[in-house]
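Those letters in the sequence shown? Residues -21 to -1, 1 to 133, by mature numbering (1 follows the signal peptide of the UniProt record, and there is no 0). Glycine included, each C-beta is placed from N, C-alpha and C at the ideal position. See structure below.
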Amino acid sequence: MKFIQICTLALLLASTQITLADTESEKEAAKLMDAVGMQSALEQSMQQMLDVQINNNPSLSPFRSVMKEFFSKYMSYESLKPDIIRIYADAFTAQELTDIREFYGSKTGQKAIKLMPQLMRQGGEIGAKRVQAHIGELESMIKAEAERLKKEAK
(Lines of atoms letter the chains of each structure in order from A and count residues from 1; the text may use other names and numbers.)
(Lines give C-alpha, C1' and ligand atoms only; values in the text may rest on other atoms or scores of the structure.)
Protein backbone atom coordinates (compact mmCIF):
# COMPACT_ATOMS: atom_id res chain seq x y z
CA MET A 1 0.00 0.00 0.00
CA LYS A 2 2.81 2.39 0.90
CA PHE A 3 4.53 1.56 -2.43
CA ILE A 4 1.39 2.61 -4.35
CA GLN A 5 1.20 5.88 -2.41
CA ILE A 6 4.87 6.63 -3.13
CA CYS A 7 4.42 5.85 -6.83
CA THR A 8 1.32 8.04 -6.99
CA LEU A 9 3.15 10.89 -5.27
CA ALA A 10 6.11 10.50 -7.66
CA LEU A 11 3.78 10.63 -10.66
CA LEU A 12 2.03 13.72 -9.34
CA LEU A 13 5.34 15.47 -8.74
CA ALA A 14 6.62 14.52 -12.18
CA SER A 15 3.48 15.78 -13.90
CA THR A 16 3.69 19.03 -11.91
CA GLN A 17 7.27 19.52 -13.11
CA ILE A 18 6.24 18.88 -16.71
CA THR A 19 3.39 21.39 -16.39
CA LEU A 20 5.70 23.99 -14.85
CA ALA A 21 8.27 23.42 -17.57
CA ASP A 22 5.60 23.77 -20.24
CA THR A 23 4.37 26.98 -18.63
CA GLU A 24 7.90 28.41 -18.57
CA SER A 25 8.46 27.41 -22.18
CA GLU A 26 5.16 29.01 -23.16
CA LYS A 27 6.08 32.23 -21.35
CA GLU A 28 9.45 32.31 -23.10
CA ALA A 29 7.84 31.50 -26.45
CA ALA A 30 5.45 34.44 -26.00
CA LYS A 31 8.40 36.72 -25.18
CA LEU A 32 10.20 35.45 -28.28
CA MET A 33 7.16 36.19 -30.46
CA ASP A 34 7.21 39.77 -29.17
CA ALA A 35 10.98 40.09 -29.66
CA VAL A 36 10.87 38.99 -33.29
CA GLY A 37 7.80 41.07 -34.13
CA MET A 38 5.67 38.06 -35.00
CA GLN A 39 2.45 40.09 -35.01
CA SER A 40 3.79 42.54 -37.58
CA ALA A 41 5.32 39.74 -39.64
CA LEU A 42 2.04 37.82 -39.76
CA GLU A 43 0.08 40.94 -40.67
CA GLN A 44 2.50 41.69 -43.52
CA SER A 45 2.39 38.07 -44.63
CA MET A 46 -1.40 38.10 -44.61
CA GLN A 47 -1.46 41.26 -46.73
CA GLN A 48 1.05 39.78 -49.18
CA MET A 49 -0.95 36.55 -49.39
CA LEU A 50 -4.09 38.55 -50.16
CA ASP A 51 -2.26 40.60 -52.81
CA VAL A 52 -0.89 37.44 -54.45
CA GLN A 53 -4.34 35.85 -54.52
CA ILE A 54 -5.86 38.92 -56.16
CA ASN A 55 -2.96 39.40 -58.58
CA ASN A 56 -3.24 35.75 -59.64
CA ASN A 57 -7.01 36.02 -59.99
CA PRO A 58 -8.10 39.63 -60.63
CA SER A 59 -11.76 38.58 -60.59
CA LEU A 60 -11.36 38.35 -56.80
CA SER A 61 -10.58 42.08 -56.56
CA PRO A 62 -14.19 43.08 -55.66
CA PHE A 63 -13.99 40.63 -52.76
CA ARG A 64 -10.78 42.03 -51.26
CA SER A 65 -12.54 43.33 -48.14
CA VAL A 66 -14.35 40.02 -47.58
CA MET A 67 -11.13 38.08 -48.01
CA LYS A 68 -9.29 40.46 -45.69
CA GLU A 69 -11.99 40.00 -43.06
CA PHE A 70 -11.74 36.20 -43.43
CA PHE A 71 -7.93 36.20 -43.18
CA SER A 72 -8.08 38.56 -40.21
CA LYS A 73 -10.44 36.17 -38.48
CA TYR A 74 -8.46 32.97 -39.09
CA MET A 75 -4.91 34.08 -39.88
CA SER A 76 -4.43 37.00 -37.49
CA TYR A 77 -1.73 36.93 -34.86
CA GLU A 78 -4.30 36.85 -32.08
CA SER A 79 -6.08 33.84 -33.55
CA LEU A 80 -2.83 31.95 -34.23
CA LYS A 81 -0.83 33.07 -31.17
CA PRO A 82 -1.75 30.17 -28.84
CA ASP A 83 -0.88 27.60 -31.50
CA ILE A 84 2.37 29.32 -32.45
CA ILE A 85 3.42 29.56 -28.82
CA ARG A 86 2.59 25.89 -28.32
CA ILE A 87 4.70 24.70 -31.25
CA TYR A 88 7.68 26.75 -30.07
CA ALA A 89 7.20 25.59 -26.47
CA ASP A 90 7.06 22.00 -27.69
CA ALA A 91 10.16 22.39 -29.84
CA PHE A 92 12.40 24.27 -27.40
CA THR A 93 13.06 24.39 -23.68
CA ALA A 94 12.50 27.62 -21.79
CA GLN A 95 16.27 28.20 -21.72
CA GLU A 96 16.62 27.61 -25.45
CA LEU A 97 13.80 30.08 -26.11
CA THR A 98 15.57 32.61 -23.88
CA ASP A 99 18.79 32.06 -25.84
CA ILE A 100 16.97 32.56 -29.15
CA ARG A 101 15.25 35.70 -27.85
CA GLU A 102 18.57 37.10 -26.67
CA PHE A 103 20.05 36.47 -30.11
CA TYR A 104 17.17 38.25 -31.84
CA GLY A 105 17.58 41.09 -29.36
CA SER A 106 21.18 41.54 -30.50
CA LYS A 107 22.29 43.77 -33.37
CA THR A 108 22.96 40.72 -35.55
CA GLY A 109 19.61 39.17 -34.63
CA GLN A 110 17.77 42.38 -35.52
CA LYS A 111 19.57 42.42 -38.86
CA ALA A 112 18.52 38.80 -39.44
CA ILE A 113 14.89 39.67 -38.69
CA LYS A 114 15.03 42.65 -41.05
CA LEU A 115 16.67 40.75 -43.91
CA MET A 116 14.91 37.39 -43.58
CA PRO A 117 11.83 38.24 -45.70
CA GLN A 118 14.04 39.59 -48.50
CA LEU A 119 16.34 36.58 -48.33
CA MET A 120 13.41 34.17 -48.37
CA ARG A 121 11.89 35.99 -51.35
CA GLN A 122 15.22 35.87 -53.20
CA GLY A 123 15.54 32.17 -52.42
CA GLY A 124 12.03 31.60 -53.74
CA GLU A 125 12.86 33.49 -56.92
CA ILE A 126 15.95 31.32 -57.44
CA GLY A 127 13.83 28.21 -57.03
CA ALA A 128 11.16 29.49 -59.41
CA LYS A 129 13.77 30.37 -62.05
CA ARG A 130 15.39 26.95 -61.68
CA VAL A 131 12.06 25.18 -62.16
CA GLN A 132 11.15 27.42 -65.10
CA ALA A 133 14.51 26.73 -66.76
CA HIS A 134 13.87 22.99 -66.58
CA ILE A 135 10.08 22.88 -66.94
CA GLY A 136 10.35 20.86 -70.15
CA GLU A 137 12.14 18.09 -68.28
CA LEU A 138 9.41 18.04 -65.63
CA GLU A 139 6.71 17.89 -68.31
CA SER A 140 8.51 14.97 -69.98
CA MET A 141 8.84 13.15 -66.66
CA ILE A 142 5.14 13.65 -65.92
CA LYS A 143 4.19 12.44 -69.39
CA ALA A 144 6.38 9.34 -69.04
CA GLU A 145 4.93 8.56 -65.61
CA ALA A 146 1.38 9.01 -66.89
CA GLU A 147 2.10 6.56 -69.71
CA ARG A 148 3.64 4.08 -67.28
CA LEU A 149 0.63 4.29 -64.98
CA LYS A 150 -1.71 3.89 -67.92
CA LYS A 151 0.10 0.69 -69.03
CA GLU A 152 0.17 -0.59 -65.46
CA ALA A 153 -3.59 -0.10 -65.12
CA LYS A 154 -4.26 -2.36 -68.14
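Under 8 angstroms between C-beta atoms of residue 18 and residue 56:
Residue numbering aside, residue 18 sits at position 39 when the sequence shown is read from its first letter. Residue numbering aside, residue 56 sits at position 77 when the sequence shown is read from its first letter. Contact: yes.
Nearest-angstrom Cα separation, counted from residue 11 out to residue 80:
One-based indexing of the sequence shown puts residue 80 at position 101. One-based indexing of the sequence shown puts residue 11 at position 32. Taking the straight line from one Cα to the other gives about 5 angstroms.
Compare the C-alpha of residue 97 against each of 24, 2, 72 and 77 and name the closest.
What you label residue 97 is simply residue 118 of the sequence shown in a count that begins at 1. Cα-wise, what sits closest to residue 97 is 24.
Can you tell which of 3, 90, 74 and 42 has the C-alpha that lies nearest to the C-alpha of residue 16?
On the sequence shown, residue 16 is found 37 positions in, with the first residue counted as 1. Checking every option, the nearest Cα to that of residue 16 belongs to 90.
Contacting residues, own chain, Cβ-Cβ under 8 angstroms from residue 64 (five flanking each side not counted):
Translated into the one-based positions of the sequence shown, residue 64 becomes position 85. Correct list, in chain order: 5, 8, 9 and 12.
Does DSSP classify residue 34 as helix, strand or coil?
The residue you call residue 34 lines up with position 55 of the sequence shown. Three-state result, residue 34: helix.
Whole-angstrom Cβ separation of residue 84 and residue 14, contact assumed at under 8 angstroms?
Along the sequence shown, one-based indexing puts residue 84 at 105. Along the sequence shown, one-based indexing puts residue 14 at 35. 6 angstroms between Cβ atoms; contact.
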